[in-house]
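Worksheet: one structure, shown below.
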Amino acid sequence: MRGALATISNERAPDRVTVRVRGDIDMTTAGSLRATLADAVAEEGPREVVVDLSATTFFGSSGLAALVSAGEDATAAGKGYLVVAPLGTVAHRAITATGLDELIPVSASD
Numbered sequence: 007m008r009g010a011l012a013t014i015s016n017e018r019a020p021d022r023v024t025v026r027v028r029g030d031i032d033m034t035t036a037g038s039l040r041a042t043l044a045d046a047v048a049e050e051g052p053r054e055v056v057v058d059l060s061a062t063t064f065f066g067s068s069g070l071a072a073l074v075s076a077g078e079d080a081t082a083a084g085k086g087y088l089v090v091a092p093l094g095t096v097a098h099r100a101i102t103a104t105g106l107d108e109l110i111p112v113s114a115s116d
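Everything in the sequence shown is counted per the working numbering, starting at 7 for the first residue and increasing by one.
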């Protein structure tokens, strides 16, 4: 368990909610990510949820599970869903190494 601090924030626009993640997403911080993503999906108004993982320094399996769950919830709510994980970042490597880029839309930029 890494235990490093993560900062997770929402930025709202009329048509989109962007969840920005900085730091480590591990067993201790994935619950906060999951809750923030659930709130973003449930928010009335925005038609798209974007998860920006550009500034993550560690991205473990608990975070990957949160991404998949949020993607399923967004689809069920009729919202677009996009994960931003630039090439070479830890998040991009974790997502592609596990094959999750076949399940969730991933882009190098938003």
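For each residue, glycine too, the CB sits at the ideal point set by N, CA and C.
Check whether the Cβ of residue i lies closer than 8 angstroms to any Cβ atom in chain C.
i	result
residue 80	Reference to chain C is not applicable here, since this structure consists of a single protein chain.
Figure out for me which residue from the options has the closest Cα to the Cα of residue i.
i	options	result
residue 73	34, 107, 23 and 28	107
residue 38	54, 11 and 81	11
residue 52	97, 98 and 18	18
Buried or exposed for residue i, please, with buried defined as at least 16 other CB atoms from any protein chain shown within 10 angstroms of its CB.
i	result
residue 13	exposed
residue 93	exposed
residue 30	buried
Got a sec? Which residues, its chain only, sit under 8 angstroms from residue i by beta carbon, not counting five neighbours each side?
i	result
residue 122	Because the chain spans 7 through 116 in this model, residue 122 falls outside it and cannot be assessed.
residue 95	59, 60 and 62
Apart from the five residues just before and just after residue i, which ones in its own chain have a Cβ nearer than 6 angstroms to its Cβ?
i	result
residue 26	15 and 58
residue 77	87 and 110
residue 44	none
residue 80	47, 55 and 87
Query raised in the report: Which ranges would you report for the alpha helix (DSSP H) in the segment 25 to 95 if only whole runs of at least 4 residues count?
Result: 36 to 48 and 67 to 82
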